[in-house]
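2 protein chains.
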Amino acid sequence: MVAINFACKKFPIDQVLKCSFDLSISELEILKILLKKRGECAINEIVDRVDKDRTTIQRSMQSLYKKDLINRHQINLDKGGYYFVYSSKSKDAIKQRIKDYFSNFESVVIKEIDGW
Amino acid sequence: MVAINFACKKFPIDQVLKCSFDLSISELEILKILLKKRGECAINEIVDRVDKDRTTIQRSMQSLYKKDLINRHQINLDKGGYYFVYSSKSKDAIKQRIKDYFSNFESVVIKEIDGW
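So the sequences go chain by chain: A and B.
Numbering-wise, the numbering used here comes out as the position in the first sequence, counting from 1, plus 1318.
Numbering-wise, the numbering used here comes out as the position in the second sequence, counting from 1, plus 1318.
As structure tokens, this is what we get:
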């Protein structure tokens, strides 16, 4: 989560994303890669592009999937076994969820001020 | 400043105050004492009630005064010298400032989401 000040003049989208989905730095980085790619990719492609160890990346992918920010699709191998490919949810869907969360946050804060 | 998550269900007034005015724990404590008192009081009364050393309390009073959350009024002594008495700004005035700050924050966040 991100420390904020309501008087701040800037609140970059990275902060907005972190506050909305409680993202770690690597989750944010992976999500941004997948959003830019606009297609499926296997974990190796992510490992090549993110400067973290494979275990951290796998944990981050798992977390993004649980947070419903990415899709996961199983590819079965001819000789048995499988691997996953990943893609991000659409940017519009993510934007809508942020708006919903923020709108909820707004009503929580306003209620608290009014009730003070 | 306070770490937040837009998905949070509760955001107590203490957090709201901290996010609005970037208050330290002792600033928050002193402000709440002065708000409850609804009258002027000298620093000794604060020192008696807050479990911090006098220097921290003086720094906090100075900071609250700069943030325009408290009034300061100089009392001159007959034999020369002076001391200050303090009171909080009205709760309504503080509430209005929080609402203004939050409204600003809201527009900063919405603009950032829309521009993403």
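Beta carbons are placed, not taken as given, at the ideal position from N, Cα and C, and that holds for glycine.
Looking at the DSSP output, B/CYS1359 bridges to B/TYR1404.
Taking B/ARG1390 as the centre and dropping the five residues before and after it, the same chain places the C-beta of TYR1383, PHE1402 and TYR1404 closer than 7 Å to its C-beta, in chain order. By the Cβ-count criterion, B/LYS1336 is buried, with 16 or more other Cβ atoms from all chains shown falling within 10 Å of its own Cβ.
In this structure, the CA atom of A/PHE1423 is about 25 Å from the CA atom of A/SER1406. At a cut-off of 8 Å, the C-beta of A/SER1381 has no neighbouring C-beta in chain B. The C-alpha of A/ASP1332 is placed about 12 Å away from the C-alpha of A/SER1344.
For B/LEU1387 against B/ILE1412, the beta-carbon gap comes to about 7 Å, under 8 Å, which counts as contact. Taking CB atoms only, A/LYS1350 has no neighbour in chain B less than 8 Å away.
Contact annotation: in the segment 1409-1431 of chain B, residues whose CB is within less than 8 Å of a CB in chain A are LYS1409, LYS1413, ILE1416, LYS1417, TYR1419, PHE1420, ASN1422, PHE1423, GLU1424, VAL1426, VAL1427, ILE1428, GLU1430 and ILE1431.
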